[in-house]
Amino acid sequence: MSIARVVAALSILLLTACPGPSGPTQPPDSGTRPDSGVADDGGIVDAPALSPQSLTPGEVGVPYQGLLSVSGGTAPYAWRLVLGAPVEGLTLSSDGALTGTPLFAGPGSFTVEVQDARGLRAEGTVSLTVTGTVFAPLPDAYVSEPYLWAFQIPNGTPTQVWRMDRVPVPLGLSFDAGGNLRGTPLSTGQEHFTVSVQDSGRTASWTHQLSVFQLPAIKTVSLPMAYAGQPYAVTLEATGGRGPLVWSVTAGPLSRGLTLSESGILSGTPSGSSAFTVTVTDDNWRRASRELSLAITSITFELTTVTLADGRVGEPYTAKLTATGGIPPYSWSFTGTLAAGLTLAADGTISGTPTAQGTAPFTATVRDSQGLTISKSLSLTVLPTSSLFTVGQWNLEWFGAPTQGPAHSTSNGGVLDDLQVAGARDVIGAAGAHVWGLVEMVDTADFETLKAGLPGYSGFLANNTTYVLSGTSQYTSGEQKPGILYESTLTYRSAQIILTAQADDFGGRPPLRVDFTTRIHGEDAPLVVIVVHLKAFDDLTSYGQRQRSAVALKGYLDQWLPEARVLVIGDWNDDLDHSISMENGTALATPYANFLDDPAHYTFPTRVLTDANTRTTTEYDDAIDHTLVTDEVAVDAVPGGVQVLRPDATIPDYAQTVSDHYPVLTSYDFSGSAGPRVKLTAPLGGTFLVGGPLTITWHAVGLDTVRLEASYDDGGQWNVVVPSLRADAGSYMWTVPDVESASVRVRVVDTQQASRFDMNPTALRFTRGQARVFINELLANEPALPGGTAHEFVEVYNAGSAPADLSGWSLWDALASRHVFAAGTVVPPGRGMVVFGGAEAFTPGTPATVAASSGTLSLNNTADSVQLKLADGGIVDSVLYSGTVDAVSINRAPDLAPDAGFELHTTLTPGLPSSPGRRADGGAF
């Protein structure tokens, strides 16, 4: 008998019957003969009638007999049960006898129907109470579903007092003296416990079992494709619930020819595509439903790969050949020659590491499960080894000036500025850049000493008339001036000071232009490097000078170098999102908007520093040292190739001995053959919400039009996003389609030659869910341990249903940005990320744990604020605290609740002062 039946039987009104083995008790003699249902006078006979009746109580374990009665109608009568069920152990016969031995105590009720000899029917309710202390099994419970069961003795007194030997392990349940077991179970399993009751001096106890299940859930989220006219079979999967699980179709028709069995097997020969809802029901009538769709494809077989992406010598390569139609699985092979170092797997994956450059033609063949084959001629080009071209720029504060610049630049007993020269030499020598643009260079002798310490480098300052004929007319020996260092892969051609008419707007430091020849895409090609140092300070006059300098610089580039490869490097003294200058308390627009508004021709690769709130100076949070490139160079910019060096990690007292600026590097891939090229610049990774915007950007050289494509299966099948766009448009705003996938690729394709394309190196994620990130725990008052403030930490947590991409997000205290999350930092749903003040506070390799990028969190012990900000500066979450306890964190209470307040951690979990990267009770997320 099912639990649902038991519960129903124990939940209704009491009816009368007579217990015992002696047979049914007749009604009292009223002095009249019982009505047989036949009219003695030949008149009309009444229809049968049943009124709610009670049977006398029974007792658990004692045989019971009761006879149901009817008024009116014509004998003989036939009885049957129509709703509910008798008490467990009793059965109702067709002649109206209720017999058997009750197994469980409690009240019960059920509905019966009687039919007389003429076929007339009547219904009535029968109630029965069974006394005793043997009770029905407990109904099953389910995780996350509220549960309530009230124990009771039907013939007990109001003074019943209930006890349980222990609370069941499934957390969330409680038991009270009134006999109520209630709560919301948190885990599955079976629990045995003893329940006892005291009633006016009498006691009784018995053992119960409680089974806790997960609610049923359908595991199958999609169906494999079916083929027209071919047999199809798939088994749907579900988890949880009490077995047996029964499947059914509850909405939408199945494709004609298909059926779904109760065991979940979808089979048959489908005649067309269909969308429908399936439901799985467990033994307790708990249900779960899911919408599914079945797509039908043609048996037509086609090898769909048209071109293969280029490989490169020495770099891992992978590509997947694709086909449609036929009957999978497919098996792949080839004839001819694959590029050296590559192999073709049976699943169509080409992989390996190419060992030689060149183009290798071959014929790919795919065979389906029925033996059908199709072939296509393909080729794969392997480019030569990548050789990145790296450009460095550095403001070396008043380099070599005898009385200005870093206060501690000279060592005790050393020559003037020897620490500054040595620091610059060590940093430049270790960086390996091909060319350096240097500004605030003052002393020529110190520059020559620096150059002498860098074997392989040549260079000069702007006042060196050997290279710059007009140099001394623009720069004196004691002035700040631009300079350049370059290694032997570049051939010097000429140098000049430019924009001298605008020298005042440049703060008296007109730019230095140097023309080189270097190897670019297999050819000796010109490359122009312009070293700039724009006007400093945040006053409005200086802001206007920077703005006018930008106008003059762009005019010069547009007029004299419209199709040249140009790098403009140096100290721009302002940022790209907004200016360091303010008016009426509001930041002004960046003075370099004229370049940003012309993305088809100019790009700041260092814009990523601005977006990530990465500082380029020791004192201020802004990125003010930038690189500008023309589109002829931008197409070769390496994704992730921008870096701010931090010499302060290895040079003691860096800001007072070497410079108040950090060096900045950018990298470009000038390897490979010459000719048209296209480079995807965004998106390169990340998570995007369905229906939201996604901006696709690219650089192209030598192309007229491009096509945008997207794949949702990691490059298996490609879908056209836009069939044709002008190649120099460089940008397209796309609305993310309603597709959930963690394997999204986007590519830009030359419409004239499909083998010329570029795609994102890391798969994107499209999701319908949203992330919900907040600050969950922080420790501001660090314990007295080695490392001190390194033990400060901030824990953020994602309570949403989608991964959170924290790339470029930042953590701030009340004064400044203390940490910027690195590109590619993703926090999955239900997981956290911990930022410590320093690496000494945690074991290297600890999952989801990093050290503050600034080297400290700098949280005040008495009072401070912590803010979590988006890459654009928007505030995600903030915490204001006052007063701390040594070595004890503050934590959301309840834990992991985004809108809850904060409590001392020891209040939540006594004896545990903090729990970075774990729940407040120490358990894993």
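With positions in the sequence shown counted from 1, the corresponding number in the working numbering is that position plus 425. The C-beta atom is built at its ideal place from N, Cα and C for all residues, glycine as well. Predicted, not measured: the structure shown is a model, and the values here were computed from it.
Quick one: complete beta strand (DSSP E) runs, 3+ long, within the segment 522–576? Qualifying beta strand (DSSP E) stretches, in chain order: 522–525, 531–540, 546–556, 572–575.
Pair within 7 Å by beta-carbon distance, Arg1374 and Ser812: The structure shown does not extend to residue 1374, since the chain spans only 426 to 1350, so no value can be given for it.
Do you know offhand how far Glu727's Cα is from Leu1236's? 52 Å
Apart from the five residues just before and just after Pro501, which ones in its own chain have a Cβ nearer than 7 Å to its Cβ? Here the set comprises Ala542.
Alpha-carbon spacing of Pro641 relative to Pro1108, whole angstroms: Straight-line spacing of the CA atoms in Pro641 and Pro1108 works out to 39 Å.
Among the residues of its own chain, which have a CB less than 6 Å from the CB of Ala928, if the five just before and after it don't count? Pro935
According to DSSP, is Ala1048 helix, strand or coil? coil
In chain order, what are the residue ranges of uninterrupted beta strand (DSSP E) at least 3 long that sit wholly in the segment 1127–1151? 1130–1136, 1144–1151
Kindly indicate which three-state DSSP category Gln845 falls into: helix, strand or coil? The three-state reading of DSSP puts Gln845 in helix, counting H, G and I together.
Sequence-distant residues of the same chain with beta carbon closer than 6 Å to Ala1229, five excluded per side: Ala1196, Val1198, Asn1223, Val1252, listed in sequence order.
Same chain, Cβ closer than 6 Å to Pro1024, five either side skipped, listed in chain order: Gly1155
Top-ranked residue by Cα proximity to Glu513, from Ala503, Thr743, Val555, Leu545: Val555
Would you mind working out which of Leu1119, Thr1120, Ala1152 sits nearest Arg1132, comparing C-alpha positions? Ala1152
Using only the alpha-carbon positions, how far apart do Ala759 and Gly1140 sit? First, the amino acid is wrong: residue 759 is Phe here, not Ala. Approximately 20 Å, taken between the alpha carbons.
Looking at C-alpha atoms only, which residue of Gln577, Ala1239, Gly825, Asp1061 is the closest neighbour of Ala624? The residue you asked about is not Ala; residue 624 is Asp in the sequence shown. Considering only alpha carbons, the answer is Gln577.
Tell me whether Leu670 counts as near the ligand SAM, meaning its Cβ is closer than 6 Å to at least one heavy atom of that ligand. With respect to the ligand SAM, the structure offers nothing, as it holds no ligand at all.
Integer Cβ distance of Ala676 from Phe638, believed to fall under 8 Å: 25 Å between Cβ atoms; not a contact.
State the Cα-Cα distance for the pair Val956 and Gly947, rounded to the nearest angstrom. 26 Å
For the putative contact between Ala920 and Val953, defined by C-beta atoms under 8 Å, what is the C-beta separation to the nearest angstrom? Not quite, the Cβ-Cβ distance comes to about 11 Å (not below 8 Å), so this is no contact.
Report yes or no: do three or more beta-carbon pairs, one from the segment 772–785 and one from the segment 820–827, lie closer than 8 Å? no
Using the C-alpha atoms, what's the distance from Asn1019 back to Gly766? 48 Å
What did DSSP end up calling Glu912 once you bin it into helix, strand or coil? Glu912 sits in a strand when the DSSP states are folded into three classes.
Own chain, CB closer than 7 Å to Leu1333, minus 5 neighbours either side, in chain order: Cβ neighbours of Leu1333 within its own chain (closer than 7 Å, five residues either side excluded): Asn1316, Ala1318, Asp1320, Ala1345.
From what residue to what residue does the beta strand (DSSP E) around Phe824 run? Run containing Phe824: 813–824, per the beta strand (DSSP E) assignment.
Under 7 Å Cβ to Cβ from Pro827, same chain only, skipping five residues before and after it: list those, please. So the list reads Leu841, once near-sequence residues are dropped.
Provide the residue span of the alpha helix (DSSP H) that contains Gly761, from first to last. No alpha helix (DSSP H) holds Gly761; the beta strand (DSSP E) holding it covers 756–761.
Nearest-angstrom beta carbon gap, Leu635 and Leu563 [assumed within contact, 8 Å]: Yes, they are in contact, since the Cβ atoms of Leu563 and Leu635 sit about 5 Å apart, within 8 Å.
Around the C-beta of His958, are 16 or more other C-beta atoms found within 10 angstroms, so that it is buried, or is it exposed? buried
Thinking C-alpha only, which one of Thr916, Arg1032, Ala1266, Leu982 is nearest Leu1001? Arg1032
Which residues bound the alpha helix (DSSP H) around Ala877? Boundaries of the alpha helix (DSSP H) harbouring Ala877: 869–877, taken from the DSSP string.
What did DSSP end up calling Gly838 once you bin it into helix, strand or coil? coil
Hey, out of Met589, Pro583, Leu573, whose CA is closest to Arg607's CA? Leu573
Quick one: give me the first and last residue of the beta strand (DSSP E) that Gly1066 is part of. Run containing Gly1066: 1062–1069, per the beta strand (DSSP E) assignment.
Are the beta-carbon atoms belonging to Thr725 and Thr747 less than 7 Å from one another? no
Three-state secondary structure (DSSP) at Trp415? Residue numbering for the chain in the displayed model covers 426 to 1350; residue 415 lies beyond these limits and cannot be assessed.
Please classify Val771: is it buried, with 16 or more other beta-carbons within 10 angstroms of its beta-carbon, or exposed? Checking the displayed sequence, the identity of residue 771 turns out to be Ala instead of Val. Flag for Ala771 reads exposed.
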